[in-house]
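This report concerns only the one structure given below.
So this is what it looks like as structure tokens:
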């Protein structure tokens with residue numbers, strides 16, 4: 013179960029941020045102070061996702077979707093509000109992030125599992141299933157740099173789902189694989205629901221969101237614009253985006269032109 | 123205070139991750155080279171040979187047993203220099219992981235220092251081999267060697283936490299530290315006898331923590347020393363200071379790291 017109450021994320025970004033010690037010292041010596049811009053990435057987001065429920069999060073780039081996932085994953089501490097996450101959270105670790113090209117698939121599997129908080133023993137029993145799902149066969153003993161990008165995504169997906177998380181977070185990862193892989197992943201995610209897993213899915217592919225999600229949250233500049241059944245939220249979102257497009261970049265708040 | 127302890131408990135709970143990160147470092151470093159682990163021992167030994175050829179004549183009067191002097195100096199210095207300069211990039215280099223998975227982030231710099239410690243232990247083997255070849259007796263204080271090593275390890279952890287945290291906010295730290303490390307190396311009697319440092323720079327010697335670790339390390343392995351006790355005490359104090367500073371800095375800024383990497 014997952015519950016966010018009035019979550020705010022403010023992020024102070026220095027205007028002309030001194031990225032180097034040299035700049036910082038020079039600025040300080042001149043007696044200047046650093047001006048900050050306040051960036052409100054999430055403004056009062058409240059939501060509750062039940063067991064077995066899949067929540068889709070949509071919105072234009074910069075709407076705060078990824079930040080929301082980071083808050084749920086515990087990577088970002090919200091500036092205001094409370095986050096109540098019960099159970100084990102597994103983010104689908106971005107491609108390559110938790111993998112080392114010089115290690116074999118097997119070694120990477122252990123490393124990745126321990127990043128997700130699972131021990132070697134726990135993952136060992138799941139190994140055949142992981143290899144089978146990722147369709148790696150003997151490749152599991154080869155270094156990861158010999159893999160195709162599709163093989164890497166499959167392995168990452170197989171690990172994140174085989175660790176049996178209570179809450180699975182997916183940020184646009186499915187878009188990477190081919191059609192066959194996507195279908196397979198979707199099937200797996202639907203099976204997951206039956207096991208009682210909560211899922212939060214961020215995606216720009218509306219078809220996917222419609223197929224997989226029970227409920228959809230539309231975020232806009234950090235503000236929840238609408239939350240409800242997938243079809244009506246997606247339709248409203250697409251409508252707003254179209255209007256914004258028609259009105260030119262100046263009109264509408266649905267989306268920043270990207 | 124409680125939060126700082128909670129972080130330590132979390133790291134202990136995630137020790138398997140720490141172990142996996144250390145084995146990854148070690149495996150990756152040696153996987154592609156045919157000589158594998160031999161390299162970690164060969165590297166300081168070969169450098170020692172070069173330095174011996176160059177400097178042995180020069181320092182013969184003041185230093186007997188020049189080769190073990192250089193080798194012990196190199197082994198310990200390389201541990202410190204490599205662990206801290208690699209750990210400096212520990213947060214910046216793992217940005218993708220830090221921004222997706224909730225982890226006690228300190229595992230990244232700590233794993234770097236731990237894998238350097240494994241290298242230190244391995245590269246000490248040729249040092250004892252050299253003593254055997256030269257027929258030099260091992261110091262009767264050798265039982266204190268683990269103490270000396272633990273001290274320099276803690277010191278390196280403190281420096282690593284400090285550097286990795288600072289680098290997140292000031293990326294030119296890596297250039298600053300390169301220069302600093304070079305100066306520090308020349309201020310540490312690795313390949314020259316401590317006695318050639320002019321008296322007026324005595325304060326610099328006393329203020330350099332690495333000198334105490336090096337003295338203690340050498341005294342525990344083969345060298346006659348009358349200052350082993352004080353060196354170990356100074357070393358302990360420096361280790362405590364470094365760890366306190368590093369941990370305080372890391373703890374204060376750890377929640378902001380994700381915004382900057």
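Residue numbers (the numbering used here), protein chains in the order written: chain W, 13 to 270; chain X, 123 to 383. Don't be surprised by glycine CBs; every beta carbon is placed ideally from N, CA and C.
Cα-Cα separation between residue i and residue j, rounded to whole angstroms
i, j, result
"residue 365 of chain X", "residue 273 of chain X", "11 Å"
"residue 164 of chain X", "residue 245 of chain X", "8 Å"
"residue 100 of chain W", "residue 150 of chain W", "31 Å"
"residue 250 of chain W", "residue 80 of chain W", "21 Å"
"residue 233 of chain W", "residue 173 of chain W", "31 Å"
"residue 196 of chain X", "residue 285 of chain X", "22 Å"
"residue 325 of chain X", "residue 331 of chain X", "12 Å"
"residue 270 of chain W", "residue 41 of chain W", "Low confidence applies to residue 270 of chain W: its pLDDT is 38, below 50, so where it sits in the model is not reliable enough to give any reading."
"residue 88 of chain W", "residue 153 of chain X", "36 Å"
"residue 308 of chain X", "residue 199 of chain X", "11 Å"
"residue 257 of chain W", "residue 228 of chain W", "22 Å"
"residue 161 of chain X", "residue 148 of chain X", "12 Å"
"residue 133 of chain X", "residue 215 of chain X", "19 Å"
"residue 192 of chain W", "residue 216 of chain W", "19 Å"
"residue 225 of chain X", "residue 259 of chain W", "45 Å"
"residue 270 of chain X", "residue 342 of chain X", "8 Å"
"residue 114 of chain W", "residue 159 of chain W", "11 Å"
"residue 268 of chain W", "residue 54 of chain W", "Note that residue 268 of chain W scores 41 on pLDDT, short of 50, meaning its location in the model is unreliable and no value can be drawn from it."
Residue i at chain W interface by Cβ criterion, 8 Å
i, result
"residue 129 of chain X", "no"
"residue 310 of chain X", "no"
"residue 222 of chain X", "yes"
"residue 153 of chain X", "yes"
"residue 337 of chain X", "no"
"residue 142 of chain X", "yes"
"residue 146 of chain X", "yes"
"residue 126 of chain X", "no"
"residue 236 of chain X", "no"
"residue 187 of chain X", "no"
"residue 149 of chain X", "yes"
"residue 381 of chain X", "yes"
Chain X within 8 Å of residue i, Cβ atoms only
i, result
"residue 122 of chain W", "yes"
"residue 184 of chain W", "no"
"residue 171 of chain W", "no"
"residue 109 of chain W", "yes"
"residue 126 of chain W", "yes"
"residue 161 of chain W", "no"
"residue 241 of chain W", "no"
"residue 262 of chain W", "Annotation note: pLDDT 45 at residue 262 of chain W (below 50); position unreliable, coordinate value reported separately. Judged by the 8 Å Cβ criterion, residue 262 of chain W is not in contact with chain X."
"residue 49 of chain W", "no"
"residue 140 of chain W", "no"
"residue 249 of chain W", "no"
Beta-carbon proximity of residue i to residue j, cut-off 8 Å
i, j, result
"residue 102 of chain W", "residue 175 of chain W", "yes"
"residue 239 of chain X", "residue 371 of chain X", "no"
"residue 361 of chain X", "residue 247 of chain X", "no"
"residue 235 of chain X", "residue 205 of chain X", "yes"
"residue 84 of chain W", "residue 121 of chain W", "no"
"residue 267 of chain X", "residue 187 of chain X", "no"
"residue 117 of chain W", "residue 148 of chain W", "yes"
"residue 344 of chain X", "residue 166 of chain X", "no"
"residue 140 of chain X", "residue 232 of chain X", "yes"
"residue 16 of chain W", "residue 223 of chain X", "no"
"residue 112 of chain W", "residue 150 of chain X", "yes"
"residue 335 of chain X", "residue 321 of chain X", "no"
"residue 315 of chain X", "residue 181 of chain X", "yes"
"residue 71 of chain W", "residue 20 of chain W", "no"
"residue 193 of chain X", "residue 249 of chain X", "yes"
"residue 222 of chain W", "residue 246 of chain W", "yes"
"residue 339 of chain X", "residue 177 of chain X", "no"
Anticipated Cβ contact below 8 Å, residue i with residue j, distance rounded
i, j, result
"residue 23 of chain W", "residue 375 of chain X", "Not a contact, Cβ separation roughly 15 Å."
"residue 289 of chain X", "residue 213 of chain X", "7 Å"
"residue 221 of chain X", "residue 383 of chain X", "7 Å"
"residue 231 of chain W", "residue 213 of chain W", "Between residue 213 of chain W and residue 231 of chain W the Cβ distance is about 13 Å, and since that is not below 8 Å, they are no contact."
"residue 205 of chain W", "residue 66 of chain W", "6 Å"
"residue 209 of chain W", "residue 180 of chain W", "6 Å"
"residue 59 of chain W", "residue 295 of chain X", "So it is not a contact: roughly 40 Å between Cβ atoms."
"residue 236 of chain W", "residue 95 of chain W", "In fact, because the Cβ distance is near 15 Å, the residues do not count as touching under 8 Å."
"residue 306 of chain X", "residue 126 of chain X", "Not quite, the Cβ-Cβ distance comes to about 29 Å (not below 8 Å), so this is no contact."
"residue 63 of chain W", "residue 13 of chain W", "6 Å"
beta-carbon residue i near the ligand SAH non-hydrogen atom, thresh 7 Å
i, result
"residue 220 of chain X", "Among the components of this structure there are no ligands whatsoever, and the ligand SAH is therefore not found."
Q: Output, in sequence order along the chain, the residues in the stretch 281-305 of chain X whose CB is closer than 7 Å to any CB in chain W.
A: Answer set for the stretch 281-305 of chain X: 292, 293, 294, 295, 298.
Q | chain X contacts made by the stretch 81-96 of chain W, where a contact means CB separation under 8 Å | A | 82, 85, 86, 87, 88, 89
Q) Of the residues that make up the stretch 63-78 of chain W, which ones have a beta carbon closer than 8 Å to any beta carbon in chain X? A) none
Q | the stretch 31-42 of chain W: positions lying closer than 7 Å to chain X by Cβ | A | 31, 32, 33, 34, 36
(Q) If the cut-off is 9 Å on Cβ atoms, which residues from the stretch 193-225 of chain X count as contacting chain W, listed in chain order? (A) Only 216, 217, 218, 219, 220, 221, 222, 223, 224, 225 from the stretch 193-225 of chain X bring a Cβ to less than 9 Å from some Cβ of chain W.
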